[in-house]
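Just so you know, the sequence shown maps onto residues 9 to 537 in our numbering.
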Amino acid sequence: MKVPQVATALALTAILGTSTIDAQTFTTDDPVLRRIWAMGMDSSRTYEFAQVLMDSIGPRLTGTPELKAAGDWLVSHYTSWGIPARTEQYGTWRGWIRGPTHVDLIRPRVRTLEATMLAWSPGTGGPLEAEVVALPMVESPAEFSTWLTAARGKYVLVSAPQPTCRPDQSWEQFADSSVYHNMSETRDRHARDWQASIERTGYTVRTLPQALERGGVLGVLTSTWSGGWGVTRIFGARTDEVPSLDLSCEDYSLLFRLAQNGQEPVLRVHAQAEMLGEVPTYNTIAELLSTSQPDEYVVLSSHLDSWDGGSGATDTGAGTITILEAMRILKRAVPNPRRTIIGALWNGEEQGLNGSRAFVEDHPEILKKTHIVFNADHGTGPVTFIPMQGFTAAAGYFGNWLARVPNELANQVTLEIPGIPESGGTDHASFVCAGVPAFSFHVGVGRNNDLPMGTNRWDTSVYTWHTNRDTFDKIIYEDLRDDAVMTAMLVYLASEDPERMPRNQRVLATGVEWPDCQLPARSSAERNR
């Protein structure tokens with residue numbers, strides 16, 4: 009079996025390349041930093057870990073067996089490295105197993121459609137054929153109620169139709185300016201008119217699907233187009249008894265035109281799902297214990313859960329692998345850290361930061377003596393931007409740490425000083441509101457500062473954020489390797505600081521207050537609280 013091992017090693021070398029400076033020539037008087045660099049650059053396991061997590065385990069929707077499998081896989085790795093680890097239950101969530109989904113247009117012509125059942129959607133119980141109708145433009149709730157009677161037993165299209173599924177960027181590049189302007193105005197007008205009509209039904213986008221369900225429709229069809237080629241966002245169903253499915257922009261538009269023009273499209277849908285009731289939800293916690301100051305903490309974290317339209321790769325399987333690899337390196341490079349290092353992977357982030365909010369509520373004894381929280385939820389690409397969150401002492405600490413990190417990594421980072429406290433977005437906010445210095449990494453400035461502040465690298469917002477294209481191949485593995493190395497270095501340096509970071513807060517503008525902490529939803533029943 010030597011040949012496959014050599015082939016794998018060659019493949020990984022080709023993908024990850026080599027470090028820009030040799031580990032032996034990294035000049036520092038700190039032997040731990042040299043060990044971190046050598047281990048991370050010369051024997052990175054990020055690609056290997058990511059392939060298992062994204063390809064084999066797959067997406068990790070809250071309440072699914074895949075999320076539990078991912079937590080067990082992490083604990084197994086940590087344990088094998090001699091790192092104490094556990095899954096810590098903080099509540100329950102609706103359990104669900106996604107089965108195969110097959111959607112076919114069978115009249116007026118035959119076409120297999122690109123469709124995905126929304127998360128936690130009921131299945132069909134077998135193949136079901138029915139006509140497709142579009143939600144009409146109505147003037148009143150009464151008109152909607154009258155129409156709903158006629159929609160009983162049919163599939164209903166409920167999203168605004170797109171005049172074209174060609175991205176705006178393509179139109180702007182190739183079309184005459186007047187043609188592009190006309191298309192853009194048409195797109196905006198359709199969206200406004202559709203939203204206004206939904207409001208006139210007496211419902212909202214959130215409550216309309218259940219109204220249709222109560223009216224006896226056979227299923228709800230949506231299209232949450234991201235604006236990119238072939239990309240759609242996959243979120244959660246808002247029906248309890250009938251299936252909710254999201255179609256590609258192209259196939260949804262096909263159905264809408266057929267229905268709108270009286271050509272009576274008919275679908276055959278076979279969507280399989282299994283409801284599991286309320287199941288336990290866990291955070292996954294690993295600890296590198298200190299014998300010097302064991303009750304002081306440095307926390308590095310990300311979230312393990314994801315949406316499941318793709319593989320949850322950039323949001324945020326990459327963050328998960330950053331934490332796993334950093335902890336692997338730290339275990340070997342820092343045998344006795346000055347402070348206890350916690351590697352935390354939260355659950356339920358996509359439903360409202362529930363796992364990290366629960367940890368904050370459940371562990372005041374840890375928060376009281378936490379030096380700093382580093383949070384990795386920046387997708388793919390190098391860490392280039394770290395806001396200081398309004399903590400006035402933070403910039404000095406980050407400046408000292410980055411001064412000791414290799415220039416190849418540190419010179420890419422811009423600090424926002426003093427920054428403002430963020431109330432949401434990702435899990436660091438669960439700690440910021442409690443006054444704990446917590447910082448989230450961003451990909452917000454280009455490599456070597458060659459892009460404007462806030463620029464999104466790798467088209468994340470259009471092509472991978474919560475989409476059907478968020479898959480293993482979208483991760484940039486050289487950057488993932490580098491992120492894990494820099495994270496390990498920052499954690500080590502923070503763990504050795506003589507004093508904990510002061511929690512002094514900047515003066516905010518008049519009328520602006522430090523964000524309040526929100527309660528976690530600890531069960532499905534609390535999800536809309």
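Even for Gly, the Cβ is constructed at its ideal location relative to N, Cα and C.
Which residue wins for smallest C-alpha separation from PRO414, given the options GLU249, ASP491 and ARG340?
Of the candidates GLU249, ASP491 and ARG340, the one whose C-alpha sits nearest the C-alpha of PRO414 is ASP491.
Just curious, the beta strand (DSSP E) that ALA281 is in, first and last residue?
Taken as a continuous stretch (DSSP letters only), the beta strand (DSSP E) holding ALA281 covers 274-296.
Nearest by alpha-carbon distance to VAL520: which of PHE152, VAL225, SER431 and PRO302 is it?
SER431
Thinking VAL451 and GLY235 are a contact (beta carbons under 8 Å), I'd like their distance in whole angstroms, please.
Rounded to whole angstroms, the Cβ separation of VAL451 and GLY235 is 19 Å, and the two are not in contact under 8 Å.
Using 8 Å as the threshold, is the C-beta distance between ARG548 and HIS379 below it?
An answer regarding residue 548 cannot be provided, because it is not within the stretch 9 to 537 covered by the chain.
Contact between the region 273-291 and the region 82-90: three or more CB pairs below 8 Å?
Verdict: no, contact absent.
If you draw a straight line from the C-alpha of GLY244 to the C-alpha of VAL146, how long is it?
Rounded to whole angstroms, the separation of the alpha carbons of VAL146 and GLY244 is 26 Å.
What is the C-beta distance between THR109 and THR124, in whole angstroms, given that I count them as a contact (C-beta under 8 Å)?
Going by Cβ atoms, the distance from THR109 to THR124 rounds to 6 Å, so yes, they are a contact pair.
Mapping DSSP to helix, strand and coil, what is SER309?
strand
Indicate whether the contact test is met: 3 or more Cβ pairs, each with one atom in the region 321-333 and one in the region 61-70, closer than 8 Å.
yes
Short of 7 Å in beta carbon distance, which residues of its chain neighbour SER192, apart from the five on each side in sequence? Order them along the chain.
ASP176
Please name the residue or residues paired with ILE242 in a DSSP beta bridge.
Paired residues: none, contrary to the question.
Kindly indicate which residue of GLU180, ASP184 and PRO429 has the alpha-carbon position closest to the one of PRO523.
PRO429
Excluding the five sequence neighbours on either side, which residues of its own chain have a C-beta within less than 7 Å of the C-beta of THR468, listed in chain order?
THR322 and GLY387
Please report the straight-line C-alpha distance between HIS157 and GLY224, rounded to a whole angstrom.
It should be pointed out that residue 157 corresponds to Thr in this sequence rather than to His. Each residue's alpha carbon lies about 8 Å from the other.
Exposed or buried, LYS376, counting other C-beta atoms within 10 Å across all chains shown (16 or more means buried)?
Residue environment for LYS376: exposed (fewer than 16 other C-beta atoms within 10 angstroms of its C-beta).
Would you call LEU297 buried or exposed, if buried means 16 or more other Cβ atoms sit within 10 Å of its Cβ?
With fewer than 16 other Cβ atoms inside 10 Å of its own Cβ, LEU297 counts as exposed.
Hey, LEU229 and TYR260: beta-carbon distance below 8 Å or not?
yes
Which one of GLN97, ILE91, GLU56 and VAL239 has the shortest CA to CA distance from ALA366?
GLN97
Strictly by DSSP, which residues pair up with TRP101?
VAL287
By the DSSP assignment, the beta strand (DSSP E) with MET509 in it spans what residues?
No beta strand (DSSP E) holds MET509; DSSP gives it neither H nor E.
May I ask you to report which of helix, strand or coil DSSP gives GLY317?
Here GLY317 sits in coil by DSSP.
Does DSSP put GLU139 in a helix, a strand or coil?
strand
Under 8 Å, do GLU286 and ASP248 count as touching if we go by C-beta distance?
no
Going straight from the alpha carbon of ALA281 to that of ALA204, what length do you get?
If you take the alpha carbons of ALA281 and ALA204, they lie about 34 Å apart.
If I measure Cβ to Cβ from GLU295 and keep anything under 8 Å in the same chain, skipping five residues before and after, which residues do I get?
ILE91, PRO92, ALA93, THR348, ILE349, ILE350 and GLY351
Ordered along the chain, which non-local residues of its own chain (more than five positions away) have a Cβ less than 6 Å from that of ILE105?
Cβ neighbours of ILE105 beyond the five flanking positions: GLU282.
Have a look at the DSSP bridge pairing and note the partners of LEU165.
ALA142 and LEU229
Can you have a look at PHE182 and say buried or exposed, based on whether 16 or more other CB atoms are within 10 angstroms of its CB?
Under the 10 Å beta carbon count, PHE182 is surrounded by fewer than 16 other beta carbons and is classified as exposed.
Of all the alpha helix (DSSP H) runs that stay within the bounds of the region 167-203, which reach a length of 4 or more residues?
176-182
How long is the line joining the alpha carbons of ARG477 and GLU358, rounded to whole angstroms?
17 Å
When burial is assigned at 16 or more other CB atoms within 10 Å of the CB, is ASP38 buried or exposed?
exposed
At which residues does the beta strand (DSSP E) containing MET47 begin and terminate?
Taken as a continuous stretch (DSSP letters only), MET47 belongs to no beta strand (DSSP E), being part of the alpha helix (DSSP H) at 39-50.
At which residue ranges does the region 47-87 contain complete beta strand (DSSP E) runs of 3 or more residues, listed in the order of the chain?
none
Between ASP385 and SER448, how many whole angstroms is the CB-CB distance? I'm expecting something under 8 Å.
6 Å
What number of angstroms, rounded off, separates the C-alpha of ASP201 from the C-alpha of SER532?
33 Å
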